[in-house]
Structure formats: C-alpha cells, structure tokens
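At position 108 of the sequence shown (counting the first as 1) the number is 108 in UniProt numbering, and the numbers step up by one without a gap.
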Amino acid sequence: MSSTVEGEPELGGEDVGVTEDAAEEALALLEGEEMDTDVAGLRLFVQQGGCAGLSYGMRFEHEPEDGDTVFERNGLRVFVDGASIDYIEGSVLAYEGGLQGAGFHVENPNVVSECGCGESFRT
Numbered sequence: 001m002s003s004t005v006e007g008e009p010e011l012g013g014e015d016v017g018v019t020e021d022a023a024e025e026a027l028a029l030l031e032g033e034e035m036d037t038d039v040a041g042l043r044l045f046v047q048q049g050g051c052a053g054l055s056y057g058m059r060f061e062h063e064p065e066d067g068d069t070v071f072e073r074n075g076l077r078v079f080v081d082g083a084s085i086d087y088i089e090g091s092v093l094a095y096e097g098g099l100q101g102a103g104f105h106v107e108n109p110n111v112v113s114e115c116g117c118g119e120s121f122r123t
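This is the structure:
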C-alpha cells in the first residue's frame, strides 16, 4: 500500500518538494504521453552509479507501486520508493530551461559531495 503526502513540504523531513516550473514541465510531458495526471506521476529514485557512488533516476509511471510514498506538489504526483527516500528526503525537484543545462535537477540538502560533472553524489 502506498501513502500520499499533500500540501507544502516540510523540508528536512521525509518530504520532497517540486518547484512550479518543474511541475508544469513534467505535467506537460505526462499529458504529451497521454498519461492520466490524476493517477500517473514522476518516479524519483536513487541508484548506484557515477564516480561519486549514487545518481538520480526519473521516469514516468502510470501509477505508484506498493510501498511508495506519493507526494502531490503543484498538481504533480511524485512517487518515491522506501529505499530512495532516505537519500532524497528534504530535496526539491527543480527545472531549468535555456540553451545550456536545460532539464530537471534535484536540490538535495543531504549531499556531502558531488562529482565534477554533477551527475552523481554521496550523502
């Protein structure tokens, strides 16, 4: 069974925030994939990899899995599994447009070091 967290995030706890720009961009992409934004969402997870040891992963899913925590922020549903929440609690998912470096990124207060390219981290 998954649990749902709504409202404003309490950063520093077991919570994940999403900026308005990130939510708008993700929702537009979900709708472009013809996914139901009332049920579908963005999965945010941590995986082994990169020169610093851990990296972020993101993908769209039609519904949360059992055991996920579902954060509803600015109209976007974000799914986080139990193993990943320990690494990303207190984080904010943001989006930057522009010619260079456009895309989603995670602002994570738990990171103690990152690799030079910014693709992996250590907590």
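No residue lacks a Cβ here, since even glycine has one placed at the ideal position from N, Cα and C.
Endpoints, the beta strand (DSSP E) within which Gly-67 is located: Neither: Gly-67 is in no beta strand (DSSP E) and is coded neither H nor E.
For Glu-61, which residues from the same chain have a beta carbon less than 7 angstroms from its beta carbon, with the 5 sequence-adjacent residues on both sides left out? Take Glu-61, set aside five residues on each side of it, and the residues of its chain with a beta-carbon closer than 7 angstroms to its own are Ala-40, Gly-41, Arg-43, Phe-79, in chain order.
At the level of alpha carbons, what is the spacing between Gln-100 and Ala-94? Spanning the two alpha carbons is a distance of roughly 15 angstroms.
Inter-residue Cα distance where the pair is Leu-11 and Glu-33: Note that Leu-11 scores 46 on pLDDT, short of 50, meaning its location in the model is unreliable; the coordinates nonetheless yield the value given after this. Going by C-alpha positions, Leu-11 is about 31 angstroms away from Glu-33.
For Gly-57, the three-state DSSP class (helix, strand or coil): In this structure, Gly-57 counts as strand in the three-state DSSP scheme.
Buried versus exposed, by CB contacts within 10 Å (16 or more), Ala-102: With a threshold of 16 other beta carbon atoms within 10 Å, Ala-102 falls short and is exposed.
Tell me the DSSP bridge mates of Gln-48? DSSP, once it has assigned bridges, lists Leu-54 as partnering Gln-48.
Would Arg-77 be called buried (16 or more neighbouring beta carbons within 10 Å of its own) or exposed? Burial of Arg-77 is indicated by the presence of at least 16 other C-beta atoms within 10 angstroms of its C-beta.
Backbone secondary structure at Glu-31 - three-state DSSP: The answer is helix: DSSP assigns Glu-31 an H, G or I state.
From this set, Val-46, Met-35, Glu-31, Asp-38, which residue's C-alpha is nearest Ser-91's C-alpha? The shortest C-alpha separation from Ser-91 is found at Val-46.
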